[in-house]
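Numbering (my numbering), first residue to last: 147 to 1269.
Every residue gets a Cβ at the ideal spot worked out from N, C-alpha and C, and that includes glycine.
Everything below concerns the one structure shown next.
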Amino acid sequence: MNGRLHLGHTFSLSKCEFAVGYQRLKGKSCLFPFGLHCTGMPIKACADKLKREMELYGCPPEFPDEEEEEEENSGKKEEEIIIKDKAKGKKSKAAAKTGSSKYQWGIMKSLGLSDEEVVSFSEAEHWLDYFPPLAVQDLKSMGLKVDWRRSFITTNVNPYYDSFVRWQFLTLKERNKIKFGKRYTIYSPKDGQPCMDHDRQTGEGVGPQEYTLIKMKVLDPYPAKLSGLRGKNIFLVAATLRPETMFGQTNCWLRPDMKYIGFETRNGDIFICTQRAARNMSYQGFTKDNGVVPVVKELMGEEILGAALSAPFTTYKVIYALPMLTIKEDKGTGVVTSVPSDSPDDFAALRDLKKKQALRLKYGIRDEMVLPFEPVPIIEIPGYGSLCAPFVCDELKIQSQNDREKLAEAKERVYLKGFYEGVMLVDEFKGQKVQDVKKCIQKLMVDKNEAMIYMEPEKQVMSRSADECVVALCDQWYLDYGEANWKKQASECLNHLETFCEETRRNFEATLGWLQEHACSRTYGLGTRLPWDEQWLIESLSDSTIYMAYYTVAHLLQGGNLRGQGESPLGIRAHQMSKEVWDYIFFKAAPFPKTEIPKEKLDKLKEEFEFWYPVDLRVSGKDLVPNHLSYYLYNHVAMWPGQREKWPVAVRANGHLLLNSEKMSKSTGNFLTLTQAVDKFSADGMRLALADAGDTVEDANFVEAMADAGILRLYTWVEWVKEMIANRDSLRSGPANTFNDRVFASEMNAGIMKTEQNYEKMMFKEALKTGFFEFQAAKDKYRELAIEGMHRELVFQFIEVQTLLLAPICPHLCEHIWSLLGKPDSIMRASWPAAGPVDEVLIRSSQYLMEAAHDLRLRLKSYMAPVKGKKSTKEPAQKPSHCTIYVAKNYPPWQHTTLSVLRKHFQVSGGQLPDNKVIASELNTLPELKKYMKKVMPFVAMVKENLEKNGSRVLDLELEFDERAVLMENIVYLTNSLELDHIEVKFASEAEDKIKEDCCPGKPFSVFRTEPGVSVFLVNPQPSNGHFSTKMDIRQGDNRETVIRRLMKMDRGIKDLSKVKLMRFDDPVLGPRRVPVLGKEEVGKTPILEQAIFHIDLAQRHVRVTENGLTRDIGDTIVYLVH
């Protein structure tokens, strides 16, 4: 807690928040507690840095100008550029918080603090008073369903939690899980203590890397630069990961322009290597005084080139130090042993020196130092022979040591294969696998004093105090995670753990594979003291592994006070919480302790723990799997070894959060705190975008445009709900049994089931998709297709279900809608909707309808488009008025035959289709397909593609629903959406051969045409109602309904067909000329009956109507009234 919570924190905790919201709806008792972790170095380091700045630069401080700083640090610049964790390519948590300021004072000012306020932060305790309450305030603003009575801050500032952690560590020590001794660990010399993951600015997850340090003795005559050290044993020391290759050494490499030092070791020998490597060695017992490098000589690489050396195990009695220009300073010792038989880099560099006399002359290398030395066969690798490096360099046509990309590829090919498949050729180890003898060879060299074990960090690690860390051999208290039985129990726990994704499980398995000791103590920072050795503090990854157990009782001990300094609701004081008391609360079989605390109070605490435990769900970033989350499993199995029912149930790991597809960074301005996000997008707008950001362990993406669009969607949804409530009585009632009513009900039920599955799997992006976006799309489709109007009961069922499905993600808005619906209780007390039956065939028939309508629109557009590429005098096609849709019950014969063959293969091979070549060769033999072969294989390709998307029903020879019936039930929708006057649906068997050929089940064929018509006026005599006169074509065979529907398309103000009355004038000539009388709009007119049929005379431009066997002229005007 050394800053405000940002969107990345919010993303992780949103997963828990959504899960709790869903599980509450499912009727479960849910406890979502939230603690504030203050243990570790960050707060103390920041406070001390602030104190130092005030001491150096005054208060308020006056910092030196940037230009002066640049001049002062120009020498350091190159080093600073390196200070990055190249492996991760991202800023650490600490660096991300600092923004662009390098002074702590500037960082504090960037938080909006005044000079007077900043001064207080030089005391670490003030941070604990300032940031935790702000975190609680920010989290409350997003509507977190947290029981805040149980919140607490860690460290010994909170006496109850301090007592709890001391109990945990006493128990672990009692059970022999904590040990003391020297071990290799990442260490910060500046801080004077081990540097754990949470103490690092860069290099989280980096551990010590073991090397074999090869001692190559410098022989007489010494190079001039070393002559002053005559009488001493001088060694060039090279760090290698491949001790088994030492039998093939031909020389040693140094970089001419690199600085080296000679330093004196504990036994008086002189080691030559880089300053960086010597610094590491000084913390590993190589020198007399820990951390002190006694430098006896500083020299450049070029000054010792040509030195004669004696190297262990090599067949050459004397080898020489030769120049290599590509040696890196940030890895190893700067001295590299050369094995050209098995290292492509060594082979290429040695070949360059042999070929290029000028290069030898430049560095004073004599011919006899290079030319006699040939690669020595030491390892046989299948496919590469006994000289794998020369073989692969020739194969890749590597010309020199400057072919960096090809050399990288060569190494990749050779090294892994060499380790796993290589067989030794050297006498003593002949026929043995490399991986089996690697350790034996290392031990042999160490025992002979020809090599030593040397460690350095796998990658660069920077502590929070900006110190480059080393590997040190330290006296430490450590948790022995490598102990076989403990590891086995942790693996058993993992076997039963729900991880929601395989990658997370694999990461856990890999961690449990390599995890050994973990230092749990340090001397600097904030935290709890080790109860048996109080000079040590318990580090931040170790005091927060079973804190979930503390949540179950925290509210009864602390009474809602974060620091545990208030009055305890049970009247229990922190000093009364002895180890035996904690044992009684958390261990089922523990006896009642000797204590002043009444039994009923302790039983109350015990009851709380037993009711809530185990932890059903823990959510964290995926970067915590190799440390914090693995320790969480280990510590639970250690504390409750015989109570598997108390072991963790599920861990959900998520990726990092990008903001607008880029990494969050204060320095670039691409950064949002939780409070900024709530201010900018509202709580529910932010929550919606967080749910949509991503579900997997891959990095998620919070897109601001999505948050904006989400707010708009939510607003539109609320407004529509209000509109439906206001117009409730105008919605259709009666039986909800039309085609689209039934489809909508089925789609709602399917949506409930899919969304429930997604919430169960914690796939919130998918839950949002099925439970909001697709759910809304189903409603919009229903609104569009239901020409007769939406059904009231279905509309309000939809509103209620939609509100419940969205409630875990957007609770505030859903609570508002719940109240608009007149619900007496909060939505927090509602239940998850029960899904009714789902008719999948009906839903697919509706999808078919939408696809058919889309296809018809495309065909209509094509029909209307002018002919491309032909200079034609023809005018563009006139807009059609009629359409005939042809549907096929069966496939054309050639498609039927092809599908039958595919069905047979699919059934025989258990749901797979063979390769196209196999299918083609079989179809070629069928005589009935001979003339269709050009069409057959494209048809097969289309079927295969649809099979992947839609499953085996694609191979059915007939549709599972009545295609014609679906189209007929929706004929009014199709007619209106295509703006046609009439559509008829016929079977393809009634059509000509070309149509039969192009028409198959599920793929209707359409023919458009324009029917002639005679124009009439439609007049509305009603005053002040917004309906006006219009002109319309009447076509042969029209009836009253088609005329009214055509009118409704022209006058959008008419919503209901049944409210319109059509009338003709009794006198078709004089009637239209008379002035209408107010209130007597129907005088002199006769209603046109439902069964009336219109006839047109194109020659005379006359319209007649036939009713009850009588035909009458209607003139040029029809009257319509809207009631």
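query, result
"Spatial distance of D769 from G349 (CA atoms)", "12 angstroms"
"Rounded straight-line distance, which links the Cα of R550 to that of K501", "19 angstroms"
"Under the three-state DSSP convention, the category C205 falls into", "coil"
"I418, DSSP secondary structure in three states", "strand"
"4-residue-minimum alpha helix (DSSP H) runs that sit fully inside the stretch 902-956, ordered along the chain", "910-914, 920-931, 938-952"
"Residues sharing a beta bridge with S532, DSSP", "Answer is none; S532 lacks a bridge partner."
"Whole-angstrom distance between S879 and D887, CA atom to CA atom", "11 angstroms"
"The stretch 175-193 in contact with the stretch 709-727 per 3-pair CB rule at 8 angstroms", "no"
"Meets three-Cβ-pair contact criterion under 8 angstroms: the stretch 302-309 and the stretch 769-781", "no"
"Distance between beta carbons of R1186 and I1234, contact taken as under 8 angstroms", "5 angstroms"
"Which listed residue (L1069, P1147, S1067, R329) has its alpha carbon closest to that of E1104", "P1147"
"Beta-carbon contacts of T411 that lie in its chain and below 7 angstroms, excluding the five residues immediately before and after", "F417, F432, T433"
"Segment limits, beta strand (DSSP E) that includes C109", "Residue numbering for the chain in the displayed model covers 147 to 1269; residue 109 lies beyond these limits and cannot be assessed."
"Neighbour-count burial assignment, V819, 16 or more Cβ in a 10 Å radius", "Strictly speaking, residue 819 in this sequence is Thr, with Val absent from that position. It is buried - the Cβ of T819 has at least 16 other Cβ atoms within 10 Å."
"With 16 other Cβ atoms within 10 Å as the buried cut-off, status of H1173", "buried"
"Candidates F646, Q1058, D403: closest to G1097 by CA position", "Q1058"
"DSSP-derived helix/strand/coil call for P983", "coil"
"Three-pair Cβ contact test at 8 angstroms for the stretch 352-370 versus the stretch 593-605", "yes"
"Contact set for W758: own chain, Cβ-Cβ below 7 angstroms, skip 5 residues either direction", "L177, T698"
"Range covered by the alpha helix (DSSP H) that runs through P305", "305-320"
"Closest residue to D1276 among P1084, N397, K363, T386 (Cα-Cα distance)", "In the structure as shown, the chain starts at 147 and stops at 1269, and residue 1276 therefore has no counterpart that could be examined."
"Where I511 sits in the DSSP three-state scheme", "coil"
"CB contact flag (N816, L803, <8 angstroms)", "no"
"Residue from P1026, T300, Q421 whose Cα sits closest to the Cα of V439", "Q421"
"F164, DSSP secondary structure in three states", "helix"
"Continuous beta strand (DSSP E) assignments of at least 3 residues falling wholly in the stretch 987-1041", "1028-1033"
"Helix, strand or coil at Q104 according to DSSP, with G and I counted as helix", "This structure leaves residue 104 out entirely; the chain is present only between 147 and 1269."
"Alpha carbon of N413 to alpha carbon of L382, nearest angstrom", "16 angstroms"
"First and last residue of the uninterrupted alpha helix (DSSP H) at L1235", "Premise fails: L1235 is in no alpha helix (DSSP H) and is neither H nor E."
"Status (buried if at least 16 other CB within 10 Å, exposed otherwise) for T814", "exposed"
"Simplified DSSP state of F1085, which is helix, strand or coil", "helix"
"Nonlocal neighbours in the same chain, by C-beta distance under 7 angstroms from E213, ignoring five residues either side", "Residue confidence for E213 is low, a pLDDT of 44 falling below 50, so the modelled location carries little weight and cannot support an answer."
"Buried versus exposed, by CB contacts within 10 Å (16 or more), P954", "buried"
"C-alpha gap between Q347 and M187, whole angstroms", "11 angstroms"
"Minimum C-alpha distance to V1082 - residue among V1112, P1039, V1054", "P1039"
"Boundaries of the beta strand (DSSP E) in which S334 is found, first to last residue", "324-334"
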